[in-house]
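Student: In this text, residue positions in the sequence shown follow this note's numbering: the first is 21, and each later residue adds one. All C-beta atoms in this analysis are idealised placements derived from N, C-alpha and C, irrespective of residue type, glycine included. Note that the coordinates shown come from a computational prediction; the quantities given were computed from them, not determined experimentally. If you scroll down you'll find the structure; I have some questions about it.
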Amino acid sequence: KSRLVNEQHAGSRSEQQDNLEAATTEREVKLRNRIDKEFRKSRLLFYHGARDKEFDKDRAYEELDYWHTELTKEGEEVIALQENRELFGLVAYKFSDLDDARKELLWLKQAWDLISHVQCQFSDWMTTTFKGCNVGDLQDEVTKMKTKQLKAMPSKAKAWSCFVGLEKEVNEMANSLPLCGELRSKAMRDRHWQELIELTRCPVVLDPEADDFTLANLIDLKLHAYKTQVEDIVEKATKELQIEVSLGKL
Numbered sequence: 021k022s023r024l025v026n027e028q029h030a031g032s033r034s035e036q037q038d039n040l041e042a043a044t045t046e047r048e049v050k051l052r053n054r055i056d057k058e059f060r061k062s063r064l065l066f067y068h069g070a071r072d073k074e075f076d077k078d079r080a081y082e083e084l085d086y087w088h089t090e091l092t093k094e095g096e097e098v099i100a101l102q103e104n105r106e107l108f109g110l111v112a113y114k115f116s117d118l119d120d121a122r123k124e125l126l127w128l129k130q131a132w133d134l135i136s137h138v139q140c141q142f143s144d145w146m147t148t149t150f151k152g153c154n155v156g157d158l159q160d161e162v163t164k165m166k167t168k169q170l171k172a173m174p175s176k177a178k179a180w181s182c183f184v185g186l187e188k189e190v191n192e193m194a195n196s197l198p199l200c201g202e203l204r205s206k207a208m209r210d211r212h213w214q215e216l217i218e219l220t221r222c223p224v225v226l227d228p229e230a231d232d233f234t235l236a237n238l239i240d241l242k243l244h245a246y247k248t249q250v251e252d253i254v255e256k257a258t259k260e261l262q263i264e265v266s267l268g269k270l
């Protein structure tokens, strides 16, 4: 009788172990599918400009909080499953997908902190009047963003669209600001500004002396796309001024 009881107990234990192995596999598959099809398809991984009203930084932080809560719940279920495995003598199972997702969520938080910082900085700069801004100081700030903050992001995060988009925006600003500085040249006359309007197909008149003429008016022209032509306009204006000065001395 004792032997029969032992055999029944062993059989029951073996059945429980088989059930736990099956539950573990099912949990792993569901978890992997959710991480791959939901978490890794989240809008968090894609770049959204400062003017994107559908998914701004506030929405991004809401989604970060949502996934923090969801991954915490998934972790609690995994812990309960691990405790049952231990109870029935099974070794702990490594849910690597969950571990990876937790790390990725931390990197996404880091990325969106940086996106928020950069977009807030750029938005503030855009309200500065053209005649009153210190372009050199802004260039120094952009250099810090490129050499320190962007560079400090984890390698895997740098492949994400959210980082690639941010890096592109920072690089465009880094290329546009020196051109803004050149356009502040005293050699620039109305005719040269008219050339810039025609070059960039600007729909409005550019008046660099106006109090409402801000840095945004120039950055919106995407000067970085016309780097050589803008430099040529300023160079021509400088040479024309030199000729005017020389003629004035005669």
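Going by DSSP, what residue range makes up the alpha helix (DSSP H) through ALA80?
Tutor: To locate residue 80, count along the sequence shown from 1; it is residue 60. 77-107 is the span of the alpha helix (DSSP H), which, as asked, contains ALA80.
Student: Please return the same chain residues whose Cβ sits closer than 7 Å to the Cβ of GLN28, not counting the five positions on each side in sequence.
Tutor: The residue you call residue 28 lines up with position 8 of the sequence shown. For GLN28, the pLDDT reaches just 45, beneath the cut-off of 50, and the residue's location in the model is therefore unreliable, although a value from the coordinates is still provided. Closer than 7 Å at the Cβ level, and outside the excluded window around GLN28, lies no residue.
Student: Quick check: the stretch 180-193 against the stretch 111-121, are at least 3 beta-carbon pairs closer than 8 Å?
Tutor: The stretch 111-121 is not in contact with the stretch 180-193.
Student: Below 8 Å, can you find three or more Cβ-Cβ pairs linking the stretch 139-153 to the stretch 222-242?
Tutor: Short answer: they touch.
Student: Checking contacts by CB at 8 Å: is VAL138 closer than that to chain D?
Tutor: Although the question refers to chain D, the structure presented lacks it and comprises just one protein chain.
Student: For GLU229, which residues in the same chain have their Cβ closer than 8 Å to its Cβ, ignoring the five residues on either side in sequence?
Tutor: As a working mapping, residue 229 is identified with position 209 in the sequence shown. These residues qualify, in order along the chain: LYS151.
Student: So what does THR147 bridge to, in DSSP terms?
Tutor: Here residue 147 refers to the residue found at position 127 of the sequence shown. Bridge partners of THR147: none, in fact.
Student: Can you name, in chain order, every residue of its own chain whose Cβ lies under 6 Å from the Cβ of PHE75, other than the five neighbours on each side?
Tutor: In the sequence shown, counting from the first residue as 1, residue 75 sits at position 55. Excluding positions up to five away in sequence, the list reads ARG63 and HIS68.
Student: For the alpha helix (DSSP H) containing GLU6, list its first residue and its last residue.
Tutor: Because the chain here runs from 21 to 270, residue 6 falls outside it and cannot be looked at.
Student: Count the C-beta pairs between the stretch 119-134 and the stretch 79-93 that are closer than 8 Å, then say yes if the count reaches three, no if not.
Tutor: Judged by Cβ distances under 8 Å, the stretch 119-134 makes contact with the stretch 79-93, as three or more pairs qualify.
Student: Run the CB neighbour count on ALA121, radius 10 Å, all protein chains shown included, and call it buried at 16 or more, exposed below.
Tutor: Start at 1 with the first residue of the sequence shown, and residue 121 comes out as number 101. With 16 or more other Cβ atoms within 10 Å, it is buried.
Student: So is VAL250 buried or exposed if we call it buried at 16+ other beta carbons inside 10 Å?
Tutor: By one-based count along the sequence shown, residue 250 stands at place 230. It counts as buried.
Student: Look at LEU238 and LEU267 and say whether their C-beta atoms are less than 8 Å apart.
Tutor: Counting from 1 along the sequence shown, the entry for residue 238 is found at position 218. Counting from 1 along the sequence shown, the entry for residue 267 is found at position 247. Contact flag unset, no.
Student: Which residues does DSSP list as the beta-bridge partners of THR234?
Tutor: Translated into the one-based positions of the sequence shown, residue 234 becomes position 214. Looking at the DSSP assignment, THR234 forms a beta bridge with THR149.
Student: Between the Cα of LYS166 and those of LEU199, LYS73 and ILE135, spot the shortest distance and give me the residue it belongs to.
Tutor: Position 146 of the sequence shown holds residue 166. Checked all of LEU199, LYS73 and ILE135; the closest Cα to LYS166 is ILE135.
Student: Can GLN141 and GLU161 be called in contact, C-beta distance under 8 Å?
Tutor: The count along the sequence shown starts at 1 and reaches residue 141 at position 121. The count along the sequence shown starts at 1 and reaches residue 161 at position 141. Yes, the pair counts as a contact, with Cβ atoms nearer than the cut-off.
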